[in-house]
Each structure stands twice: as structure tokens, then as C-alpha cells.
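These notes are about the structure you will find just below.
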Amino acid sequence: MTNDLGDLARKVGELCDREAIRQCIHRYARGVDRFDRELILSAFHPDALDEHGKFVGTREEFVDWALGQHGGAHLSHQHCLLNHSCELDGDTAHAETYFMFVSMNRAGRPVTIGGGRYVDRLERRDGDWRIAVRVCLRDWSQMDERPDMDDLSSFTSTRALLSEVERAFMNAGRRPARDRSDPSYDRPLRVDPARRDGYRAMAG
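The numbering of the sequence shown is the numbering used here, which starts it at 19 and goes up by one.
Here you go:
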């Protein structure tokens, strides 16, 4: 009986961890769609790094960049979260969450749709699960012609606004793969600090 109760407690604890992680990722999506700065920040640890296409930086830098991008390019948008997998390892978790992004645009095509994955390393600190490292991977996008699969910049909804420098920076970053070289297999997931420095230099 004691062993059964211990096993039940372990399973309940794991379910609670998984739900806390899922809610963390949902907070992020809701925060971006509602332009809620504090809600977005609450999904990340203070020292988190996010590699997000042409952006690489801290959570505060990310919020400024993301809300500026979405506010400038879109009338409205939704980040729809789909498949979610999570591996727990003590106070660390590695998660992969598929997303579909839909936007109504201020210029160009009225509506665009794209999809990709959030690859996250989450850490539990003081009982609180938050993102420590994120790599955003784009896998597909609505297009008028077959894309160059080696050009990562072709999958972003703001591709028409990108400079050649920004395109080159994106294409030097992490990219999706249809094998175990995909970043979702990295243990632990990391963001190269040189990429963050490169973004800061590019952004001026």
C-alpha cells in the first residue's frame, strides 16, 4: 500500500509538472496575441535567451522586438498551439510545441498562414517552470510558388520587409531538419551567445 501511494504521488507530481509547463507555453501565446508584456515575460526566466528567426536575445529584448514586429505588420494575429511533447528530467524539461501562426496584414496579402515549432528548455526554479532557452523553427508558410527550402527568410510573414543583412543573419541560424540533427533533439538545448551578440550588432 505504501509503495502504491508513493507511485501515485510521483505520477500526480509529474502530471502537475507537465500541466505547469503547458500553461507556461500557453501564457506566452496569449501574451503575444493580446500584446500583454507582463504575461509574455512571465513565461521566461529572467536570464532566458530566445533565438527567433532574425532575432536573438533576452526576454525583455524579445518582447520589444516581437510587439514591434506584430504591431507594425499585422492588424491582428493568432498563435495556435498544436502537438506538444515534453521530456522531464528532474528540474529540467525539453519541450517541442507545434504552432500555426495566422495574421491579418496591414499591407500585401490580406491573410497569411505559417507553421513551425517552439523548441524549449524549461527549468523549474523555486517551484516555478519557465522557459530558459527557446529556439523557434519555421517549417512551412503560405506562398504563391515553391520556396527555396534553404532560405529560412522565405518562411516568415514579414519576408517582404527583410533587408539582405537580416536574411543573411536568419540563414546563419538554427534550421529545421527531417532527421535527428533537428534542434529538437539537442540535449541540452542552447543558444550560441555569439548569435545574440551578432543580432545586437546588426540591430545597432
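Each residue gets a CB set at the ideal place from its N, CA and C atoms; glycine is no exception.
Taking the CB atoms as reference points, tell me whether Ser121 and Glu114 lie closer together than 8 angstroms. no
State the start and end residues of the unbroken alpha helix (DSSP H) segment that holds Asp215. Pro211 to Ala221
Check the C-beta distance from Asp68 over to Arg152 and give it rounded, since I have them as a contact under 8 angstroms. 4 angstroms
Comparing C-alpha positions only, which one of Asp204, Arg52, Pro64 and Asp168 sits nearest to Ser94? Arg52
Near His92, which residues of its chain fall below 7 angstroms by C-beta distance, leaving aside the five closest residues on each side in sequence? Ser121, Met122, Asn123 and Arg124
Buried versus exposed, by CB contacts within 10 Å (16 or more), Met188: With 16 or more Cβ atoms within 10 Å of its Cβ, Met188 is classed as buried.
Nearest-angstrom beta carbon gap, Cys42 and Ala61 [assumed within contact, 8 angstroms]: Contact holds; Cβ gap of about 5 angstroms.
Please classify Arg177: does DSSP put it in a helix, a strand, or coil? helix
Distance between Tyr46 and Leu57 (C-alpha atoms, nearest Å): 7 angstroms
Check whether the stretch 105-114 and the stretch 135-149 are in contact - that is, three or more C-beta pairs closer than 8 angstroms. yes
Is the beta carbon of Arg156 closer than 8 angstroms to that of Gly71? yes
For the ligand GTP, is there a heavy atom less than 7 angstroms away from the beta-carbon of Arg208? This structure simply doesn't include the ligand GTP, nor any ligand for that matter.
Just the C-alpha distance for Lys29 and Gly108, rounded to the nearest angstrom, thanks. 13 angstroms
Let's see if you can read the secondary structure: which residues bound the alpha helix (DSSP H) around Met161? DSSP places Met161 outside any alpha helix (DSSP H), giving it a letter other than H or E.
According to DSSP, which residues form a beta bridge with Ile131? Val120
What's the C-alpha gap between Asp168 and Glu141? Here the alpha carbons of Glu141 and Asp168 stand approximately 32 angstroms from one another.
If we require 3 or more residues per run, which beta strand (DSSP E) segments fall completely within the stretch 52-103? For the stretch 52-103, whole beta strand (DSSP E) runs of length 3 or above, ordered along the chain, are 62-70 and 73-76.
Where does Asp204 fall in DSSP's three states? coil
I'd like to know whether the C-beta atoms of Gly132 and Gln160 end up nearer to each other than 8 angstroms. yes
Please list the terminal residues of the continuous alpha helix (DSSP H) segment that includes Met167. Note, Met167: premise wrong, no alpha helix (DSSP H); not H, not E.
Integer Cβ distance of Leu170 from Gly191, believed to fall under 8 angstroms: About 7 angstroms separates the Cβ atoms of Leu170 and Gly191, confirming a contact at the 8 angstroms cut-off.
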